[in-house]
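First residue of the sequence shown: 26, per my numbering; consecutive thereafter.
Glycine included, each C-beta is placed from N, C-alpha and C at the ideal position.
Notes for the one structure printed next.
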Amino acid sequence: MKQIEAINDFVIKFANVNGSGSASANELFAKAILRMGVPVSPRNIFPSNIQGLPTWYEVRVTEQGHLGRRGGIDMMVAMNPQTWDADVAELEPGGYLFYDNTRPIPQSKFRDDIHVLGVPLTEISNTNYSDPRQRQLFKNIIYIGALSVLLEIEIAVFKKLFEEQYIGKELLLESNMKALNLGRDYVLKNMSYPLGICVKRCDNVGNKIFTDGNSAAALGCVYGGATVAAWYPITPSSSVPEAFQKYCDKYRNDPSTGQHRFAIIQAEDELASIGIVVGAGWNGARAFTATSGPGISLMTEFIGLAYFAEIPITIINVQRGGPSTGMPTRTQQSDILCCAYASHGDTKHVLLLPEDPYECFEHSAKALDLADRLQTPVFVMTDLDIGMNQRLSRPFDWDDAHVFDHGKVMTAEELEAGKDFGRYKDVDGDGIPWRTLPGTHPTKGSYFTRGTTRDPYARYSERGADYMYNMDRLQKKFKTAAQIVPAPVLRKSHKPSKIGVIYYGSTSPSMLEAFELLEKEGIHLNGLRLRAFPFADVVEEFIHDQDLVFVVEQNRDAQMRTLLINELEIDPAHLIKVLHYDGTPITARFIHAAIRDRLKQSDSPKKTSKKSKELA
Numbered sequence: 026m027k028q029i030e031a032i033n034d035f036v037i038k039f040a041n042v043n044g045s046g047s048a049s050a051n052e053l054f055a056k057a058i059l060r061m062g063v064p065v066s067p068r069n070i071f072p073s074n075i076q077g078l079p080t081w082y083e084v085r086v087t088e089q090g091h092l093g094r095r096g097g098i099d100m101m102v103a104m105n106p107q108t109w110d111a112d113v114a115e116l117e118p119g120g121y122l123f124y125d126n127t128r129p130i131p132q133s134k135f136r137d138d139i140h141v142l143g144v145p146l147t148e149i150s151n152t153n154y155s156d157p158r159q160r161q162l163f164k165n166i167i168y169i170g171a172l173s174v175l176l177e178i179e180i181a182v183f184k185k186l187f188e189e190q191y192i193g194k195e196l197l198l199e200s201n202m203k204a205l206n207l208g209r210d211y212v213l214k215n216m217s218y219p220l221g222i223c224v225k226r227c228d229n230v231g232n233k234i235f236t237d238g239n240s241a242a243a244l245g246c247v248y249g250g251a252t253v254a255a256w257y258p259i260t261p262s263s264s265v266p267e268a269f270q271k272y273c274d275k276y277r278n279d280p281s282t283g284q285h286r287f288a289i290i291q292a293e294d295e296l297a298s299i300g301i302v303v304g305a306g307w308n309g310a311r312a313f314t315a316t317s318g319p320g321i322s323l324m325t326e327f328i329g330l331a332y333f334a335e336i337p338i339t340i341i342n343v344q345r346g347g348p349s350t351g352m353p354t355r356t357q358q359s360d361i362l363c364c365a366y367a368s369h370g371d372t373k374h375v376l377l378l379p380e381d382p383y384e385c386f387e388h389s390a391k392a393l394d395l396a397d398r399l400q401t402p403v404f405v406m407t408d409l410d411i412g413m414n415q416r417l418s419r420p421f422d423w424d425d426a427h428v429f430d431h432g433k434v435m436t437a438e439e440l441e442a443g444k445d446f447g448r449y450k451d452v453d454g455d456g457i458p459w460r461t462l463p464g465t466h467p468t469k470g471s472y473f474t475r476g477t478t479r480d481p482y483a484r485y486s487e488r489g490a491d492y493m494y495n496m497d498r499l500q501k502k503f504k505t506a507a508q509i510v511p512a513p514v515l516r517k518s519h520k521p522s523k524i525g526v527i528y529y530g531s532t533s534p535s536m537l538e539a540f541e542l543l544e545k546e547g548i549h550l551n552g553l554r555l556r557a558f559p560f561a562d563v564v565e566e567f568i569h570d571q572d573l574v575f576v577v578e579q580n581r582d583a584q585m586r587t588l589l590i591n592e593l594e595i596d597p598a599h600l601i602k603v604l605h606y607d608g609t610p611i612t613a614r615f616i617h618a619a620i621r622d623r624l625k626q627s628d629s630p631k632k633t634s635k636k637s638k639e640l641a
């Protein structure tokens, strides 16, 4: 029988029951490989309840450093009888099935084209532990120990990880090492090892850090000068304000008095949280909230107020599956349109599109500057895959000489000197008016505003000309935003090509790998990674330079493609959909197959560009 053979290049998936304590053990497995200098890309696929339902943890071992999902499973650690059939079916031919064989399983439940590895995990655990909870928890460490022998993961790295985790808790260190060795001893005495897939020490991690996007975004808000956060718990964004509080407790206390230099409020709902942020922004504080799609739906009225009253706020949207409650613990790029046009009437909002934790940090800090400079809501559009999964990332960069961009804020001295102040007056040609902060001057610079129309001096007006002046100025400001938001990243094909692909956000790592797969088959594409909306001029130029452009995204309705068509007036037939929306992160194999198969439908790219067939 064929067997998969690979060194430092395979995918292993753990199938567990949520609440069994498996998550920490599986994370330990991933970190151990990382400590051997081999890049890993883990993903936690968990249910939306607390305990009892199936959960999976997928680890891609990738010496080449590919951080997107590959697609396909080389080894399945099947610990959940509920999902057995589906888990076994997911294995690649020649792959490895690892399971607990304490109880016999009918032969019909296996496959003839895979290698079966049984270890009596329950029996070993019950023999060595009497406490029911210990039996459950240490069974997870036992299978990690067994895998360490089968895959040749060095025991020393586990010991080091335990030592770091249990500083001052020697009993826990000893008990975990005991469980690890129980699994190792069984394999050493009873099984053949190593497998066709294994881990060999290398040095491909370098100086990269291992973190998640939500923590990175929270740290970016600290460095970006945020002092107010208001939020309401919602998966998958709750860990953003939680991490923000952790960092503020460490870095935002007055060293002389110990007093907090921040305010973090868990509000009673999403409406209250965005209301707090709008109020803080109006008062001159840098404020943000973190939420997901359902939260955006509830916040929409306040978002419209912030847009029209021109109040700087930052919203970190960790996207999940929709509509409505959708799939709370699955990932999608499902909120592009609802955030770009949030509120009724003619509204447009700035969106930042980070691809990884590094850009979550960078874009969150930048969003606070942009919100102040543009006097408008700014969205950081991350998602569950980036936000909640740990991955390798470039170390975060920060220039200590950075000066916060507070934009056009008129001072008391300027007002006293008689400088003309029209709160909604465009004096510089960029559409951005001057503002004052409450209490700036005892008699000058005050204004009254609400979500209704006014003239350039903030005086209530229902005159059509005044309304049009304001709306045209807001459109001009949006064009200014296009010049200062993060620029798109161009990737030119290695050989001349008139076929392009547009992608963004968490799609990026899989797209980069898909480029390599397509090039091996002689398919060369120019790539453009979007990093922000509104679109820079180079986006339209890129599209017009290609005979055909694929738009790869993770939602059902091709929302970014729609945005491109709406804003740039592109012929829809020119933009071909590549859509992935089952809630799992998109894979390189999916992108590769979708683009390859679509190109095969036509004799030439030019012919393809004239067709409007969808690809999903």
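When DSSP states are grouped into helix, strand and coil, LYS233 belongs to the coil group.
A distance of 7 Å or more separates the beta carbons of ASN591 and GLN357.
When the five nearest sequence neighbours on each side are left out, the beta carbons in the same chain lying within less than 6 Å of the beta carbon of ILE37 are those of VAL84 and MET100, in order along the chain.
Between the alpha carbons of PHE235 and LEU409 lies a gap of roughly 16 Å. For PHE123, the closest alpha carbon among the candidates ASN151, GLY93 and ASN165 is that of ASN165. With fewer than 16 other Cβ atoms from the protein chains shown falling within 10 Å of its own Cβ, TRP423 counts as exposed. Of the residues ARG516, GLY300 and VAL42, the one whose Cα lies closest to the Cα of PHE327 is GLY300. If you check the CB distance, ASP381 and SER322 do not come in under 7 Å.
For the pair PHE503 and LYS373, the CB atoms are nearer than the 7 Å cut-off. Under the 10 Å beta carbon count, VAL428 is surrounded by fewer than 16 other beta carbons and is classified as exposed. Within the same chain, and ignoring the five residues on either side of ARG398 in sequence, the residues whose Cβ sits closer than 6 Å to its Cβ are ASP430 and GLY432. Looking only at LEU175, ASN51 and HIS369, the smallest Cα-Cα distance to ALA331 is reached by HIS369. Relative to LEU53, the option among GLN132, ASN126 and ILE180 whose CA is nearest is ILE180. Judged by beta-carbon spacing, GLY245 lies beyond the 7 Å limit of SER133, meaning their Cβ atoms are not closer than that value.
Within the same chain, and ignoring the five residues on either side of VAL603 in sequence, the residues whose Cβ sits closer than 7 Å to its Cβ are PHE575, VAL576, VAL577, ILE616, ALA619, ILE620 and LEU640. Boundaries for LYS444: no alpha helix (DSSP H) harbours it, and the DSSP string shows neither H nor E there. At a Cβ-Cβ threshold of 7 Å, LEU393 and THR339 count as neighbours. With respect to LEU146, ASP125 sits close: the two C-beta atoms are nearer than 7 Å. By the criterion of a C-beta distance shorter than 7 Å, LEU499 is surrounded in its chain by GLY456, once the five residues flanking it on both sides are discounted.
Shown here, SER533 sits in a helix according to DSSP, grouped into three states. The alpha-carbon separation between GLN107 and GLY120 amounts to approximately 21 Å.
SER45 and GLY77 have their C-alpha atoms some 8 Å from each other. Cβ contact annotation for ILE411 (same chain, cutoff 6 Å, sequence separation greater than five): GLY238 and SER531, in chain order. For GLU541, the secondary structure class from DSSP, reduced to helix, strand or coil, is helix. Look at the segment 412-462 and you find these whole runs of alpha helix (DSSP H), each 4 residues long or longer: 437-441. Spatial neighbours of GLU188 in its own chain (CB-CB distance under 7 Å, excluding positions within 5 residues in sequence) are listed in chain order as LEU198.
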